[in-house]
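Below is one structure; the comments refer to it alone.
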Amino acid sequence: MLSSLVLQHRERLNGSGYPNKLKDNEIRIEARILGVADTIESMASHRPYRPAIGIKGALKEIEAGRGIYYDEGVVDACLRVFKDDRFSF
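Mapping of the sequence shown onto this note's numbering: position 76 corresponds to residue 63, and the numbering continues sequentially without gaps.
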């Protein structure tokens, strides 16, 4: 089970992700959660190939992809956690 979550966490609702171009309910909910968390962490953190956009920028990007790339319920829950100051990096 864990290996399938890791494999699926880069899949996107519209089928644009990888490695298998899964769509919608083909992607396990746990992988959708992991994908949003990984994307936020990646965007908010500096990488050798690009600067960080910060947590606010990452949350804006996730919100822009809500229902397209990312599960609406997962995005909404994530935004609530940060908005209510229940989590920070």
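Quick reminder that beta carbons are idealized off the backbone N, C-alpha and C, glycines included.
For G44 and P38, the gap between their C-alpha atoms comes out near 12 angstroms. Taking the C-beta atoms as reference points, I20 is found no nearer than 8 angstroms to M30. The continuous alpha helix (DSSP H) containing S29 extends over residues 16 to 31. In this structure, the beta-carbon distance from A18 to E(-2) falls below 8 angstroms. Nearest to G60 by alpha-carbon distance, out of D11, L(-6), P6, is D11. In this structure, the straight-line span from the alpha carbon of D72 to that of D63 is close to 14 angstroms. Here R34 carries a strand assignment [DSSP, helix/strand/coil].
By DSSP's assignment, Y56 forms no beta bridge with any residue.
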